[in-house]
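Just so we're aligned, residue 4 is where the sequence shown starts under our numbering, counting upward by one.
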Amino acid sequence: MDEASSGGMTVFPNPVTGNSFFIRTGSGPVSKDLPLRLYSINGQLLISKWIKKGQSGLIEIKLTSAIASGVYVVQLDDKHTVKVIIRK
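1) Are K35 and K56 touching if we call contact CB-CB under 7 angstroms?
2) Which residues in the same chain as A7 place their Cβ atom closer than 6 angstroms to its Cβ, once the five residues preceding and following it in sequence are excluded?
3) Tell me whether I54 sits in a helix, a strand or coil according to DSSP, three-state version.
4) For a quick check, are the C-beta atoms of I64 and F24 less than 7 angstroms apart?
5) Identify, in the order they occur along the chain, each residue of the same chain with its Cβ nearer than 8 angstroms to the Cβ of S30, setting aside the five sequence neighbours on each side.
6) Going by DSSP, what residues sit across from T13 in a beta bridge?
7) For the candidate residues I44, Y75, I62, whose alpha-carbon lies nearest to that of K52?
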């Protein structure tokens, strides 16, 4: 699997093999401020950030060294969720 999608959100590459991955939020700039969160499969919040209105629809998420290999959940705007596999 190269990417995973939910609604207007696409996450790639999936599985993630490097220190970052990308989220595409649609075909153009973001139309409103959107919360973006990365959770462990156990529900622990690991990354929380805001995608600002007008920002490019392609966002890079950089992973810290504390995030180990495993299955994670990306949530955008409290509506769209995608499971992401991270392999380090």
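Backbone N, C-alpha and C fix where the C-beta goes; we use that ideal spot for every residue, glycine too. As the structure is a prediction and not an experimental result, all values here were calculated from the model.
Inspection of the coordinates gives the following:
1) Numbered from its first residue, the sequence shown carries residue 35 at position 32. Numbered from its first residue, the sequence shown carries residue 56 at position 53. Yes, the Cβ-Cβ distance between K35 and K56 is below 7 angstroms.
2) Indexing the sequence shown from 1 puts residue 7 at position 4. Counting only Cβ-Cβ distances below 6 angstroms, and skipping sequence neighbours, we find V14, N17, V85.
3) Locating residue 54 in the sequence shown gives position 51, where the first residue counts as 1. In this structure, I54 counts as strand in the three-state DSSP scheme.
4) Along the sequence shown, read from residue 1 onward, the residue named residue 64 stands at position 61. Along the sequence shown, read from residue 1 onward, the residue named residue 24 stands at position 21. Yes, Cβ-Cβ distance for I64 and F24 is below 7 angstroms.
5) Your numbering for residue 30 matches position 27 in the sequence shown. Closer than 8 angstroms at Cβ, skipping near neighbours: G60.
6) Translated into the one-based positions of the sequence shown, residue 13 becomes position 10. For T13, which the question treats as bridged, DSSP gives the partners S8, R27.
7) Taking the sequence shown and counting its residues from 1, one reaches residue 52 at position 49. Here the closest residue by C-alpha is I62.
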